[in-house]
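J.:
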Amino acid sequence: MARNLILCLLISFSFVFSACKKESVGGVFDYRTLGTSANDLLSSYRYHSLQIEIQYMPGYAPDATALNNLVAFLKTRIDKPNGITIIQEEIGASSLSVASLFNIVSIERSYRRYFTGNDVVSVYVLITNGYSNADILATSYWNTSFCIFGKSLNDNSGQSGQVSKSILMTTLLEHEFGHLMGLVDQGSPMQINHKGAGNGAHCDNPVCLMYYDVEAGFTGALSAVPSLDANCIADLKANGGK
Ligand SMILES: [Zn+2]
Ligand SMILES: [Zn+2]
């Protein structure tokens, strides 16, 4: 009897402990399916401001121009009357030269500090010191999370015949935000069909910011950050954006 009681108490304590642990981690409105916060990001219906937490590994801090470009881009597309803030922090280097989605998710779960709540929608950006195992430069994986693979970005920019590092960083930041805002047809329904065949949630227009090439690093000597085309903008507007 006493043994059973102790066992019951242990089981109850472990339930209480796991429940508390989950709560303290935060992220009740984060860590959800990509695209499900598109309207929360675009409109002021639930959240009046946006905070962007950027954690980068040593040597991979985003440049100020790229961040200014990102904020200017967002201001033209999203309705956040209380503003957009960026919080940057350097985190420890990873020993992984190639990271999987599982790896970056576990880094985010260990280090992310800011979560959505209290009138503020929060986005997490991780910039690693390595490559992706999927041979891409960046990826969006949850409703408020994306990752840029710093080594891939460096390898694909800054040399003769390549795009400048600042333009590529801006392009990736804006492209991944495009995914969080529900493009293409993943959270913000298409007003007319413009999804590229066989390339996931990407636009069919080769000069649009949401063309799949952007993420794959086939941008060549791009001289400017690609813009969103009319079809992508129409989708954002229809889902609470500008
Ligand atoms: Zn993409
Ligand atoms: Zn487009």
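Residues in the sequence shown are numbered from 397 upward in steps of one, following this note's numbering.
Backbone N, C-alpha and C fix where the C-beta goes; we use that ideal spot for every residue, glycine too.
For Gly574, name the three-state secondary structure that DSSP assigns.
T.: Reduced to three states, the DSSP call for Gly574 is helix.
J.: Going by beta-carbon coordinates alone, are Phe542 and Val559 separated by less than 8 Å?
T.: Not closer than 8 Å, so no.
J.: Given this structure, state the Cα-to-Cα distance separating Gln582 from His575, to the nearest angstrom.
T.: Each residue's Cα considered, the two are about 7 Å apart.
J.: Rounded to a whole number of angstroms, what is the C-alpha to C-alpha distance between Glu449 and Asn539?
T.: Going by the C-alpha atoms only, they are around 14 Å apart.
J.: According to DSSP, simplified to helix, strand and coil, what is Ala620?
T.: Correct three-state label for Ala620: coil.
J.: Compute every distance between the C-beta of His590 and the non-hydrogen atoms of ligand 4, then say whether any falls below 7 Å.
T.: Only ligand 1 and ligand 2 can be found as ligands here, which leaves ligand 4 out of the picture.
J.: Apply the 10 Å Cβ neighbour rule to Leu463 and answer buried if 16 or more other Cβ atoms are within range, or exposed otherwise.
T.: Under this definition Leu463 is a buried residue.
J.: Can you tell me whether Met606 sits near ligand 2, meaning its C-beta is under 7 Å from at least one heavy atom of the ligand?
T.: Under cutoff, so the answer is yes.
J.: Tell me the residue span of the beta strand (DSSP E) that contains Ser506.
T.: Ser506 -> not in any beta strand (DSSP E); alpha helix (DSSP H) instead, spanning 497-507.
J.: Cutting at 7 Å between CB atoms, please list the residues of its own chain near Leu564, excluding the five before and the five after it.
T.: For Leu564, where only same-chain residues beyond five positions count, the Cβ hits under 7 Å are Leu549, Asn552, Ser553, Thr615.
J.: Of all the options Leu492, Ile487, Ala495, Asn514, which has the alpha carbon lying nearest to the alpha carbon of Ser506?
T.: It is Ile487.
J.: Would you kindly work out how many angstroms separate the C-alpha atoms of Thr567 and Val610, rounded to a whole number?
T.: Thr567 and Val610: Cα-Cα distance of roughly 7 Å.
J.: Which partner residues of Tyr520 appear in the DSSP bridge assignment?
T.: According to DSSP, Tyr520 bridges with Glu449, Ser541.
J.: Given a cut-off of 8 Å on the beta-carbon distance, is the pair Leu437 and Leu430 in contact?
T.: No; because the gap between Cβ atoms is not below 8 Å, this pair is not in contact.
J.: So, is Ala495 buried or exposed, given that buried needs 16 or more other C-beta atoms within 10 angstroms?
T.: Answer is buried; the Cβ neighbour count reaches 16.
J.: Would you tell me roughly how many angstroms separate the C-alpha atoms of Gly455 and Val517, rounded to the nearest one?
T.: Distance between the alpha carbons of Gly455 and Val517 is about 28 Å.
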